[in-house]
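J.: Please read through the structure below; I'll follow up with questions.
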Amino acid sequence: MQPKTLIVALLALSALSCSETKKMKKDHTLFVGTYTNGDSEGIYKFKFNSETGELTHQELAATLTNPSYLKISQDRKNLYAVQETADFDSLGGGISAFQLEEGKLNLLNQKGSGGAHPCHVALSENGYLAASNYSGGNVSIYSLMENGALAEDPQLIDHKVLDTSKTSHAHMAGFEGDKLFVADLGLDAVKQYKEQDGQFVAAQQPSLDVAEGAGPRHFTFSASGRLYVINELNSTLTVFDPTSSGTFKEIQTLSTLDPKFEGKSYCADIHLSPDGKFLYGSNRGENSIAIFSVDQETGKVKPVGWEPVKGDWPRNFSLDPTGKFLLVANQRSNNITVFSRDTEQGTLQFLNEISLSSPVSLEFLD
Numbered sequence: 431m432q433p434k435t436l437i438v439a440l441l442a443l444s445a446l447s448c449s450e451t452k453k454m455k456k457d458h459t460l461f462v463g464t465y466t467n468g469d470s471e472g473i474y475k476f477k478f479n480s481e482t483g484e485l486t487h488q489e490l491a492a493t494l495t496n497p498s499y500l501k502i503s504q505d506r507k508n509l510y511a512v513q514e515t516a517d518f519d520s521l522g523g524g525i526s527a528f529q530l531e532e533g534k535l536n537l538l539n540q541k542g543s544g545g546a547h548p549c550h551v552a553l554s555e556n557g558y559l560a561a562s563n564y565s566g567g568n569v570s571i572y573s574l575m576e577n578g579a580l581a582e583d584p585q586l587i588d589h590k591v592l593d594t595s596k597t598s599h600a601h602m603a604g605f606e607g608d609k610l611f612v613a614d615l616g617l618d619a620v621k622q623y624k625e626q627d628g629q630f631v632a633a634q635q636p637s638l639d640v641a642e643g644a645g646p647r648h649f650t651f652s653a654s655g656r657l658y659v660i661n662e663l664n665s666t667l668t669v670f671d672p673t674s675s676g677t678f679k680e681i682q683t684l685s686t687l688d689p690k691f692e693g694k695s696y697c698a699d700i701h702l703s704p705d706g707k708f709l710y711g712s713n714r715g716e717n718s719i720a721i722f723s724v725d726q727e728t729g730k731v732k733p734v735g736w737e738p739v740k741g742d743w744p745r746n747f748s749l750d751p752t753g754k755f756l757l758v759a760n761q762r763s764n765n766i767t768v769f770s771r772d773t774e775q776g777t778l779q780f781l782n783e784i785s786l787s788s789p790v791s792l793e794f795l796d
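Everything in the sequence shown is counted per our numbering, starting at 431 for the first residue and increasing by one.
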């Protein structure tokens, strides 16, 4: 073999090896947000093996008060955490912006969230961050600087003035295109805003209402634009279908609980599988993950089953990057439980667990 031919062959072999290594990646970094009123000290980091489903290499990634919700930027360069308190500053809780360098968290800056007890943070694709303040009943929207730090002078959207007969509790915000959606548990509605000249104003359809006392908490969008809302207080799931005019209409509401369950229960989190064929929701009280199949034509769902979480008070949960595992943060039993996921049937099977004080938010880096 000629030297030039040999070099070409070696380069091709090297490229193939790199490609295979990338495809065979099995270790993923998981960050976990917690409540720090017990033994926890802040944000923790684990290694997750996507072949065995094991969590290992636990370490404290950042000391922070009540980082109950985490969000990693799409480019994987930044991580943001709320500080779910009422005394970060004179207005309430706080938000911390970190730079991610080789899996390490380096604090960039911290700002007030504009209200008490921020419980969720969301990122847009064009440089905005929205923090939902539960007790404050409002949402703060920050512009992000080039390095991911929080800029000055956020916009504050106050839900308390929208309906004085109810107590606003902003629980989750989410960006979808140029729109901002906010689930307000106290107002029984998902509020909708649009970006206009650098500010977010009421959209054409400003409110997507659910049943009185339902308490919308979290939501997720399908690839086709359908909106799935999990309601905390009456343990239901509501499906909204987008219309040709740009509005939404409710097409289905059903219980997230096993008909055999008796007792009080409160929904928490909701996620679609990567292929959109299955929907999962967490029930605190029943202590289960509700599993639904999704009709790909209509968007409606039907129950597949309910999997016990092997813990108490399942708060947030997450699917791993492969979509083959589902991990649950059980706040009161101080453990994270890992389930394998049947990608064809949607069902879950318990694998293992690991102890951690008051886990709440699970966010994979890669």
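For each residue, glycine too, the CB sits at the ideal point set by N, CA and C.
The model shown is predicted, which means the values in this text are computed figures rather than measured ones.
By Cβ distance below 6 Å, which residues in the same chain neighbour glutamate 489 in space, the five residues on each side in sequence not counted?
T.: Here residue 489 corresponds to residue number 59 of the sequence shown, with the count starting at 1. Result list for glutamate 489: Lys475, in chain order.
J.: Just to check my reading of the structure: glycine 706 and serine 748 have Cβ atoms closer than 8 Å, yes? What is that Cβ distance to the nearest angstrom?
T.: Here residue 706 is taken as the residue at index 276 of the sequence shown, counted from 1. Here residue 748 is taken as the residue at index 318 of the sequence shown, counted from 1. Between serine 748 and glycine 706 the Cβ distance is about 17 Å, and since that is not below 8 Å, they are no contact.
J.: On a CA-only basis, which of Asn661, Ser763, Leu617 is nearest asparagine 684? Give me that one, please.
T.: On the sequence shown, position 254 is the one that residue 684 refers to. This sequence places leucine at residue 684; asparagine is not what is there. The residue with the shortest Cα to Cα distance from leucine 684 is Asn661.
J.: Report the residue from Ile587, Gly616, Thr673 whose alpha carbon sits nearest the alpha carbon of serine 598.
T.: Numbered from its first residue, the sequence shown carries residue 598 at position 168. Closest option to serine 598, Cα to Cα, is Gly616.
J.: What is the DSSP secondary structure of glycine 732, counted as helix, strand or coil?
T.: On the sequence shown, position 302 is the one that residue 732 refers to. Checking the sequence, you will find lysine at residue 732 rather than glycine. Three-state result, lysine 732: strand.
J.: Could you check the C-alpha separation between glycine 693 and glutamate 716 for me, to the nearest Å?
T.: In the sequence shown, counting from the first residue as 1, residue 693 sits at position 263. In the sequence shown, counting from the first residue as 1, residue 716 sits at position 286. Distance between the alpha carbons of glycine 693 and glutamate 716: 8 Å.
J.: Quick one: what does DSSP say lysine 534 is sitting in, helix, strand or coil?
T.: The sequence position of residue 534 within the sequence shown is 104, counting from 1. Strand.
J.: How many angstroms separate the CA atom of lysine 730 from the CA atom of serine 763?
T.: Taking the sequence shown and counting its residues from 1, the one referred to as residue 730 is at position 300. Taking the sequence shown and counting its residues from 1, the one referred to as residue 763 is at position 333. Spanning the two alpha carbons is a distance of roughly 33 Å.
J.: Based on Cα-Cα distance, which residue from Gly711, Pro733, Asp725 lies nearest to proline 689?
T.: Position 259 of the sequence shown, counted from the start, is the residue given in the question as residue 689. Out of Gly711, Pro733, Asp725, Pro733 has the C-alpha closest to the C-alpha of proline 689.
J.: Give me the residue from Asn782, Tyr499, Phe670 with the minimum Cα distance to leucine 792.
T.: On the sequence shown, position 362 is the one that residue 792 refers to. The option with the nearest alpha carbon to leucine 792 is Tyr499.
J.: Just to confirm, is the Cβ distance from phenylalanine 678 to leucine 638 under 7 Å?
T.: Within the sequence shown, numbered from 1, the residue matching residue 678 stands at position 248. Within the sequence shown, numbered from 1, the residue matching residue 638 stands at position 208. Yes, the pair counts as a contact, with Cβ atoms nearer than the cut-off.
J.: Tell whether a beta-carbon distance below 7 Å holds between serine 788 and leucine 781.
T.: Locating residue 788 in the sequence shown gives position 358, counting from the first residue. Locating residue 781 in the sequence shown gives position 351, counting from the first residue. No. Outside cutoff.
J.: Tell me the DSSP secondary structure of valine 591 in three-state form.
T.: For the purposes of this step, residue 591 is taken as residue 161 along the sequence shown, with counting starting at 1. Looking at valine 591 - three-state DSSP - the assignment turns out to be helix.
J.: Would DSSP call tyrosine 831 helix, strand or coil?
T.: Outside the modelled stretch of the chain, which goes from 431 to 796, sits residue 831, for which no answer is possible.
J.: Please list, in chain order, all residues of the same chain as glycine 542 whose beta carbon is under 6 Å from its beta carbon, the five residues on each side excluded.
T.: In the sequence shown, residue 542 corresponds to position 112, counting from 1. So the list reads Phe518, Asp519, Leu521, Gly524, once near-sequence residues are dropped.
J.: Quickly, what does DSSP pair glutamine 504 with across the bridge? List them, please.
T.: On the sequence shown, position 74 is the one that residue 504 refers to. In DSSP, glutamine 504 forms no bridge with anything.
J.: Along the beta strand (DSSP E) that carries asparagine 479, what are the first and last residues, could you check?
T.: Sequence index remark: in the sequence shown, residue 479 carries index 49 (1-based). Run containing asparagine 479: 472 to 479, per the beta strand (DSSP E) assignment.
J.: Mark glutamate 737 as exposed unless 16 or more other C-beta atoms lie within 10 angstroms of its C-beta, in which case mark it buried.
T.: On the sequence shown, residue 737 is found 307 positions in, with the first residue counted as 1. Glutamate 737 should be labelled buried.
J.: Cβ atoms of alanine 552 and alanine 546: under 7 Å apart, would you say?
T.: The residue you call residue 546 lines up with position 116 of the sequence shown. The residue you call residue 552 lines up with position 122 of the sequence shown. It is not a contact, given that the beta carbons lie outside the stated cut-off.
J.: For valine 631, count neighbouring C-beta atoms within 10 Å of its own C-beta (all shown protein chains included) and say buried if the count is 16 or more, exposed if not.
T.: As a working note, residue 631 is residue 201 in the sequence shown. When all chains shown are included, valine 631 counts as exposed.
J.: Does the beta-carbon of arginine 506 have 16 or more other beta-carbons within 10 angstroms, so that it is buried, or is it exposed?
T.: Residue numbering aside, residue 506 sits at position 76 when the sequence shown is read from its first letter. With fewer than 16 Cβ atoms within 10 Å of its Cβ, arginine 506 is classed as exposed.
J.: Would you mind giving the Cβ-Cβ distance between asparagine 765 and isoleucine 784, rounded to the nearest angstrom? I have them listed as a contact below 8 Å.
T.: As a working note, residue 765 is residue 335 in the sequence shown. As a working note, residue 784 is residue 354 in the sequence shown. Confirmed, about 7 Å.
J.: Let me know the secondary structure DSSP gives leucine 443 once reduced to three states.
T.: Position 13 of the sequence shown holds residue 443. Bear in mind that a pLDDT of 48 at leucine 443, under 50, signals an unreliable position, so the number given afterwards is only what the model happens to contain. Correct three-state label for leucine 443: helix.
J.: Only counting the same chain, and skipping five residues up and downstream in sequence, which positions put a Cβ closer than 8 Å to that of isoleucine 681?
T.: For the purposes of this step, residue 681 is taken as the residue at position 251 of the sequence shown. Cβ within range, chain order: Val669, Phe670, Asp671, Thr728, Gly729, Lys730.
J.: From lysine 456 to leucine 538, what does the alpha carbon distance come to, in whole angstroms?
T.: The residue you call residue 456 lines up with position 26 of the sequence shown. The residue you call residue 538 lines up with position 108 of the sequence shown. Taking the straight line joining both Cα atoms gives about 30 Å.
J.: When you compare only the Cα positions, how much space is there between glycine 483 and valine 591?
T.: As a first step, residue 483 is located in the sequence shown; it is residue number 53 there, counting from the start. As a first step, residue 591 is located in the sequence shown; it is residue number 161 there, counting from the start. Distance between the alpha carbons of glycine 483 and valine 591 is about 47 Å.
J.: In terms of residues, what are the limits of the beta strand (DSSP E) holding arginine 745?
T.: For the purposes of this step, residue 745 is taken as residue 315 along the sequence shown, with counting starting at 1. 744 to 749 is the span of the beta strand (DSSP E), which, as asked, contains arginine 745.
J.: Which two residues bound the contiguous beta strand (DSSP E) that contains leucine 667?
T.: Within the sequence shown, residue 667 is the residue found at index 237, counting from 1. Start and end: 666 to 672.
J.: For phenylalanine 611, which residues from the same chain have a beta carbon less than 6 Å from its beta carbon, with the 5 sequence-adjacent residues on both sides left out?
T.: What you label residue 611 is simply residue 181 of the sequence shown in a count that begins at 1. Same-chain partners within the cutoff: Gly604, Val620, Gln622.
J.: How would you write the range of the beta strand (DSSP E) that lysine 707 sits in, first residue to last?
T.: Against the sequence shown, residue 707 aligns to sequence position 277. Element bounds for lysine 707: n/a, residue is neither H nor E.
J.: Any heavy atom of the ligand ATP closer than 6 Å to the beta-carbon of glutamate 680?
T.: Although the ligand ATP was asked about, the structure shown includes no ligands whatsoever.
J.: May I ask you to list the residues that DSSP assigns as paired with glutamate 606?
T.: Here residue 606 is taken as the residue at index 176 of the sequence shown, counted from 1. Note: glutamate 606 sits in a beta bridge opposite Lys609.
J.: Would you report the Cα separation of tyrosine 465 and alanine 698, rounded to the nearest angstrom?
T.: Numbered from its first residue, the sequence shown carries residue 465 at position 35. Numbered from its first residue, the sequence shown carries residue 698 at position 268. Answer to the nearest angstrom: the Cα atoms are 16 Å apart.
J.: Do you know how far the Cα of lysine 740 is from the Cα of glutamine 634?
T.: Here the question's residue 634 lines up with position 204 in the sequence shown. Here the question's residue 740 lines up with position 310 in the sequence shown. If you take the alpha carbons of glutamine 634 and lysine 740, they lie about 44 Å apart.
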